[in-house]
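Asker: Take the sequence shown: its letter number 151 is residue 165 in this note's numbering, and every next letter is one higher. Where a beta carbon is used, it is the ideal one built from N, C-alpha and C, also for glycine. The structure under discussion is supplied below as structure tokens; questions concerning it will follow.
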Amino acid sequence: MSTFNDDLIAVEHSLASHPEFSDAATITLKANEFYRFALDLLRERSAEVDKLAAGIRDQDGEIPTAVTEDPLVRVTLDEAVSRLERGDIDDGAWSEVVTMLQLVTRALDAHGATAPPTGAEISGGRAVTVAPDRRAWLCGSGQGTTAPLARTFLNAFDRDFLRGVPGDLLEPTPQDVRQLDEGFAALDALLPEMSASVGAHYVGVGVVDVRTEGETYLAGNVGRIPAVVFFSRNRMEKPWRFAETALHEGLHLKLFDIQRSASIFTAPELLAEGPKVKVPWLKWASMVAPNEWPLDRALGAFHVYAHMALFERALRTRLTPEIVERFGEPEALDKPSLYRFGPERAQYLGEEILARGEGALTDHGRAFVAWLLDTVKETAGV
Numbered sequence: 015m016s017t018f019n020d021d022l023i024a025v026e027h028s029l030a031s032h033p034e035f036s037d038a039a040t041i042t043l044k045a046n047e048f049y050r051f052a053l054d055l056l057r058e059r060s061a062e063v064d065k066l067a068a069g070i071r072d073q074d075g076e077i078p079t080a081v082t083e084d085p086l087v088r089v090t091l092d093e094a095v096s097r098l099e100r101g102d103i104d105d106g107a108w109s110e111v112v113t114m115l116q117l118v119t120r121a122l123d124a125h126g127a128t129a130p131p132t133g134a135e136i137s138g139g140r141a142v143t144v145a146p147d148r149r150a151w152l153c154g155s156g157q158g159t160t161a162p163l164a165r166t167f168l169n170a171f172d173r174d175f176l177r178g179v180p181g182d183l184l185e186p187t188p189q190d191v192r193q194l195d196e197g198f199a200a201l202d203a204l205l206p207e208m209s210a211s212v213g214a215h216y217v218g219v220g221v222v223d224v225r226t227e228g229e230t231y232l233a234g235n236v237g238r239i240p241a242v243v244f245f246s247r248n249r250m251e252k253p254w255r256f257a258e259t260a261l262h263e264g265l266h267l268k269l270f271d272i273q274r275s276a277s278i279f280t281a282p283e284l285l286a287e288g289p290k291v292k293v294p295w296l297k298w299a300s301m302v303a304p305n306e307w308p309l310d311r312a313l314g315a316f317h318v319y320a321h322m323a324l325f326e327r328a329l330r331t332r333l334t335p336e337i338v339e340r341f342g343e344p345e346a347l348d349k350p351s352l353y354r355f356g357p358e359r360a361q362y363l364g365e366e367i368l369a370r371g372e373g374a375l376t377d378h379g380r381a382f383v384a385w386l387l388d389t390v391k392e393t394a395g396v
């Protein structure tokens with residue numbers, strides 16, 4: 015039972031455990047079932063895929079969760095199913111699926127099914143506690159590795175995460191591990207239900223040095239390496255800075271799984287050309303930072319800002335002497351201004367998405383946005 019005596023308990027509980035929109039156990043189960051179904055679709059059309067899939071089933075005849083959570087497996091299946099839906103899956107696409115399943119089989123034979131196969135090869139057995147009941151594998155730098163999945167992961171990191179920006183995936187030090195564990199523990203101490211809810215969506219964690227011009231890199235994840243977050247060391251130094259960032263990035267992972275478990279948009283492939291949401295806190299537009307967002311990008315920001323409102327309010331009301339003694343005082347926050355902090359930005363984005371999403375949102379998607387908007391208003395009132 016929570017020891018906090020504040021009005022945020024009900025809001026946190028709703029944001030962490032709504033049976034349709036936020037319950038991590040349900041959402042991750044549905045996301046994993048999506049990938050099992052995707053593999054079933056493919057094996058029905060390929061005897062080779064069928065044979066390989068049979069070889070990785072567990073004693074109950076199921077594809078192990080370690081496989082359906084693996085980022086390289088997920089992106090390979092996503093691409094193959096998308097091609098299948100378009101009717102243009104060719105020999106090359108089938109070859110990618112077959113090769114991935116072959117590599118997964120070898121990794122499972124070598125490491126077992128206690129961790130995703132890619133994680134077993136790139137982590138060297140290291141892990142980070144992202145929530146009390148959840149461990150995520152910790153990427154190594156991959157220096158000198160010849161393990162096929164590890165090499166594929168490193169290539170994806172260079173191609174899809176860095177995308178030409180100078181940077182490195184670092185070999186984690188004991189200090190890195192302590193700081194990661196401490197930062198996730200700070201989030202759990204402040205928001206225990208929310209920590210468990212977002213932690214369930216973490217599969218992997220990496221430490222990076224990304225050298226961007228004109229700004230300090232903090233953390234990030236990309237859709238082509240799903241469920242893995244890369245943190246910079248400068249963000250890991252302070253527990254509360256890291257806790258905020260870990261929540262932010264974990265919410266992106268959670269939304270990815272939400273959209274795998276139920277349809278939010280009627281035609282996701284058309285959103286880039288669809289209605290846009292103006293972003294009043296971005297005064298100028300550029301190719302990198304446009305000040306008009308398609309609905310899916312606006313939804314991603316809305317989802318994060320709605321939860322940041324809870325985090326900021328909890329920092330003001332839940333810091334017990336015991337928490338401060340362990341993690342220190344948070345750094346001073348900037349003075350609030352319009353659209354500066356979560357509640358204002360979240361309410362604006364939620365209302366705009368509902369107003370402009372006619373026809374683009376499914377009934378489930380509209381209900382999801384409306385529910386999240388109601389929780390934002392409830393947070394602002396406590």
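#1: Mind checking K349: buried by the 16 CB within 10 Å criterion, or exposed?
#2: Going by C-alpha distance, which of L324, E283, F175 is nearest A436?
#3: Whose CA, out of A320, D74, H125, S60, lies closest to the CA of L98?
#4: Just list the beta strand (DSSP E) runs in the stretch 279–340, keeping only unbroken ones of 3 residues or longer that don't cross its boundaries, in chain order.
#5: Taking only the alpha-carbon atoms, compute the straight-line gap between T298 and G69 and give it to the nearest angstrom.
#6: To the nearest angstrom, report how far apart R247 and R57 are at their CA atoms.
#7: Would you mind sorting D21 into buried or exposed? The rule is 16 or more other CB atoms within 10 Å of its CB.
#8: Assign G220 to one of three DSSP states: helix, strand, or coil.
#9: Among H321, W151, D310, whose alpha-carbon lies nearest the alpha-carbon of A436?
#10: From E196, T376, A38, pick the residue whose C-alpha is nearest to that of R249; which is it?
#11: With H, G and I counted as helix, E and B as strand and the rest as coil, what does DSSP make of T389?
#12: Buried or exposed: A90, going by 16 or more other Cβ atoms within 10 Å of its Cβ?
#13: Taking the beta carbon of A369 as the centre, do at least 16 other beta carbons fall within 10 Å, making it buried, or is it exposed?
#14: Could you compute how far the alpha carbon of L149 sits from the alpha carbon of L333?
#15: What does DSSP give as the partner residues of A233 in its beta bridges?
#16: Does DSSP put R238 in a helix, a strand or coil?
#17: For W108, which residues of its own chain have a beta-carbon under 7 angstroms away from its beta-carbon, when the five flanking residues on both sides are left out?
#18: Quick one: what does DSSP say T128 is sitting in, helix, strand or coil?
#19: Confirm, please, whether the CB-CB distance from L183 to G158 is below 8 angstroms.
#20: Would a check of beta-carbon distances place G379 closer than 8 angstroms to chain C?
#21: Please name the residue in F382, P240, I41, F244 whose C-alpha comes closest to that of L232.
#22: Using DSSP bridges, identify the partner residues of T143.
#23: What is the residue span of the alpha helix (DSSP H) that D182 lies within?
#24: Quick check for students: name the residue ranges of the alpha helix (DSSP H) that lie wholly in the stretch 49–85, counting only runs of 4 or more.
#25: I need the DSSP call for L375, collapsed to helix, strand or coil.
#26: Could you tell me the distance, in whole angstroms, from the CA atom of L296 to the CA atom of G379?
#27: Are the stretch 130–148 and the stretch 114–122 in contact at 8 angstroms, needing three or more beta carbon pairs?
#28: Report the option in G228, P282, E283, P304 whose CA atom is closest to the CA atom of V291.
#29: Does the stretch 257–272 come close enough to the stretch 167–174 to have 3 or more Cβ pairs within less than 8 angstroms?
#30: Using a Cβ-Cβ cutoff of less than 7 angstroms, which residues in the same chain neighbour V221 once the five nearest sequence positions on both sides are dropped?
#31: Measuring CA to CA, which of R88, L309, V224, E287 is closest to D271?
#32: Which of the three DSSP states, helix, strand or coil, is assigned to F382?
#33: Closest to G342 by CA distance: which of P289, A199, E287, R177 is it?
#34: So does the stretch 32–39 actually touch the stretch 73–89, counting three or more Cβ pairs closer than 8 angstroms?
#35: Do you know how far the Cα of A141 is from the Cα of E135?
Answerer: Working from what's here:
#1: With a pLDDT of only 45 at K349, under the threshold of 50, the placement of this residue in the model should not be trusted; the figure read from the coordinates follows. K349 comes out exposed.
#2: Residue numbering for the chain in the displayed model covers 15 to 396; residue 436 lies beyond these limits and cannot be assessed.
#3: S60
#4: 290–292, 306–308
#5: The displayed chain sequence assigns Trp, not Thr, to residue 298. Looking at the two C-alpha atoms, the distance is approximately 54 angstroms.
#6: 43 angstroms
#7: exposed
#8: strand
#9: What the structure shows of the chain is the stretch from 15 to 396, and residue 436 is not part of that stretch, so it cannot be assessed.
#10: E196
#11: helix
#12: In the sequence under discussion, the amino acid at residue 90 is Thr, which differs from the Ala named in the question. Label assigned to T90: buried.
#13: exposed
#14: Leu is not the amino acid found at residue 149; the sequence shown has Arg there. Spanning the two alpha carbons is a distance of roughly 25 angstroms.
#15: F245
#16: coil
#17: S60
#18: coil
#19: no
#20: The displayed structure is made up of one protein chain only, and chain C is not part of it.
#21: F244
#22: R149
#23: Note, D182: premise wrong, no alpha helix (DSSP H); beta strand (DSSP E) at 181–183.
#24: 61–69, 79–82
#25: strand
#26: 26 angstroms
#27: yes
#28: P304
#29: no
#30: L184, P186, D190, F245, R247
#31: R88
#32: helix
#33: A199
#34: no
#35: 12 angstroms
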